[in-house]
């Protein structure tokens, strides 16, 4: 599963990689080109191989869709000008870290409007469908802790760029 994830192929991992849910099964070819199923979370890659991935093992689309561009009214209170901050052009980001989805909003700080947004699958889902599975996974292996906390660099490397690309001509950088 680690090799697939490193290549942006995201499989289900409802049990958090313990090998019990069987949601991450892939098909491996043997010398005769016959395929057999193995759980990808417990299988260790030792060399080149031919792999087929059933649709049922795939996570839903990695980039989910453009997030909604309207925020509830209570969010705009944070963008109202204060005594020390006049209405000037400036941008900020808001990140909504959910159990299944991470949404990033690029906001015009002067008006409080959302200029662009993007939503992606939470990469922590690799360690289980629920928060308790994820907590268990990070408690067991140190590299799981580091991987579960790696979502910040993913956002800064990819999704933020997607938000900037979504800016229109009315909001130049």
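Residue numbers (this note's numbering): 843 to 1015.
Think of the CB as a built atom: it goes at the ideal place given N, C-alpha and C, for glycine as much as any other residue.
From a predicted model like this one, the values you see are computed outputs, not experimental measurements.
Pop quiz: residue 880 and residue 868 are said to be a contact at Cβ under 8 Å. What is the actual Cβ separation, rounded to whole angstroms? Locating residue 880 in the chain shown gives position 38, where the first residue counts as 1. Locating residue 868 in the chain shown gives position 26, where the first residue counts as 1. Residue 880 to residue 868, Cβ: 6 Å. Contact.
Would a C-beta distance cut-off of 9 Å place residue 961 and residue 941 closer than the cut-off? Position 119 of the chain shown, counted from the first residue, corresponds to residue 961. Position 99 of the chain shown, counted from the first residue, corresponds to residue 941. Not closer than 9 Å, so no.
Consult DSSP for residue 943 and reduce its assignment to one of helix, strand or coil. Taking the chain shown and counting its residues from 1, one reaches residue 943 at position 101. DSSP, reduced to helix, strand and coil, places residue 943 within a strand of the structure shown.
Suppose contacts are defined by Cβ-Cβ distances below 9 Å. Is residue 843 in contact with residue 858 by that definition? Taking the chain shown and counting its residues from 1, the one referred to as residue 843 is at position 1. Taking the chain shown and counting its residues from 1, the one referred to as residue 858 is at position 16. Cβ distance not < 9 Å, so residue 843 and residue 858 don't count as in contact.
Are the CB atoms of residue 865 and residue 850 within a distance shorter than 9 Å? For the purposes of this step, residue 850 is identified with residue 8 of the chain shown, where counting begins at 1. For the purposes of this step, residue 865 is identified with residue 23 of the chain shown, where counting begins at 1. No, they are not a contact pair.
Which value, in whole angstroms, describes the spacing of the CA atoms of residue 964 and residue 871? Indexing the chain shown from 1 puts residue 964 at position 122. Indexing the chain shown from 1 puts residue 871 at position 29. So the two alpha carbons sit approximately 31 Å from each other.
Residue 845, enclosing alpha helix (DSSP H) - first and last residue: Within the chain shown, numbered from 1, the residue matching residue 845 stands at position 3. Its alpha helix (DSSP H) spans residues 844 to 848.
Drop a sphere of 10 angstroms on the beta-carbon of residue 852, count the other beta-carbons inside from all chains shown, and report buried for 16 or more, exposed for fewer. If you number the chain shown from 1, residue 852 lands on position 10. Under this definition residue 852 is a buried residue.
Which same chain residues end up closer than 8 Å to residue 906 when comparing Cβ atoms and leaving out the 5 residues on each side of it in sequence? For this step, residue 906 is matched to residue 64 along the chain shown. Confidence at residue 906 is low in this model, with a pLDDT of 47, below 50, so its placement is unreliable and no value can be given for it.
Please report the straight-line C-alpha distance between residue 878 and residue 949, rounded to a whole angstrom. Locating residue 878 in the chain shown gives position 36, where the first residue counts as 1. Locating residue 949 in the chain shown gives position 107, where the first residue counts as 1. Roughly 49 Å separates the two Cα atoms.
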